[in-house]
Amino acid sequence: MSLSSKEAAESLSDVERAARRSAQAFGYSKAAPHLILWGAIWVLGYSGTDFSPMNADWIWGPLILAGCVGGYLLGRGTLPTESSGAWRVFALAAVALLFIFSTYTIMWPVHGPQLAAFPALLTGTVYAGVGLWLGTRYLITGLAIIALTMGGYL
Amino acid sequence: MEQPDPIIHQPVRLKIMSALRVLPASEPIEFVRLKAIVAATEGNLGAHISTLEEAGYVKVEKDFVGKRPRTRIALTKQGRRAFEDYVAYLRDIIDTSPS
């Protein structure tokens, strides 16, 4: 049994296609719990601040902390053991917060709806950008977040 | 490698091995997810996984999540090596063929 170069090229193409689909499915399965966690936090946070805008700090502070801790725990459970990268989930949230508060400082003064819309807009942009490389589900999620955020803001 | 590995050479088994190879070492994949990736029927996929398991290329774990049965498949070290040899064999054919 021997293969022609055409058959070999077709087999390699099958290998690459299956590998790409598998890697994408693996990525989705690892990202989904984080997306659900932060989605739930957003629902609680934005609902709370809508009813009680004066207490936004008290509402968002514990929620963000809970999100970071939850993300770390999920990362421990879902990331491959040899990469031991759960701490990166925590670090990513910290970097995002640093960027958001730095932007507020530069752009100050800002009013309530701007404060609320900016993190969501940033998150949507990151998802949409990542989706250009890693899969259309991220792209669609990101664009949906941007559209909903702008819809709510305007 | 003079001849292709007959275990991996079969198209569905080649897709199974490709899907498993891209995962981190020893990371299993659920049967239902693998079925979607490979686009095979349940019976067909099960038969090919059994062939790969008998050859020592994959490890199959069966357990329950609540009351729902779950089957997970992971590549073994032997399987990883055999797959890499097979891909090298394919590349060699392409590289040495007259253009």
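One line per chain: the protein sequences are A and B, in this order.
For the record, in the first sequence the residue sitting at position 96 is 96 according to this note's numbering, with numbers rising by one throughout.
For the record, in the second sequence the residue sitting at position 56 is 56 according to this note's numbering, with numbers rising by one throughout.
Backbone N, C-alpha and C define an ideal beta-carbon position, used for all residues, glycine too.
Small disclaimer: the values here were computed from a predicted structure and weren't measured.
query: Endpoints, the beta strand (DSSP E) within which B:P119 is located; result: Only positions 1 to 99 of chain B appear in the structure, and residue 119 of chain B is not among them; the question remains open.
query: Nearest neighbour of A:I41, chosen from A:D14, A:G142, A:K6, A:I59 [CA to CA]; result: A:I59
query: Cut-off 7 Å between Cβ atoms - residues of its own chain near A:Y28, not counting five sequence neighbours on either side; result: G135, R137
query: Contact with chain A by B:A82, beta-carbon distance below 8 Å; result: no
query: Residues near B:L14 by beta carbon distance below 7 Å, same chain, minus five either side; result: I8
query: Cβ-based contacts, 7 Å cut-off: residues of the stretch 4-22 of chain A near chain B; result: S5, A8, A9, S11, L12, D14, V15, A18, A19, R21, S22
query: Own chain partners of A:L3 with C-beta closer than 8 Å, once the 5 adjacent residues on each side are dropped; result: S11
query: Residues near A:T103 by beta carbon distance below 8 Å, same chain, minus five either side; result: F118
query: Three-state secondary structure (DSSP) of B:P69; result: strand
query: Under the three-state DSSP convention, the category A:V15 falls into; result: helix
query: Neighbouring residues, chain B, relative to A:A91 (Cβ below 8 Å); result: What A:A91 touches in chain B: nothing, since even the nearest Cβ is about 20 Å away.
query: Cβ-based neighbour list, A:L97, same chain, cut-off 8 Å, excluding 5 preceding and 5 following; result: I64
query: Alpha-carbon to alpha-carbon, B:L20 and B:E61; result: 14 Å
query: Status (buried if at least 16 other CB within 10 Å, exposed otherwise) for A:S47; result: exposed
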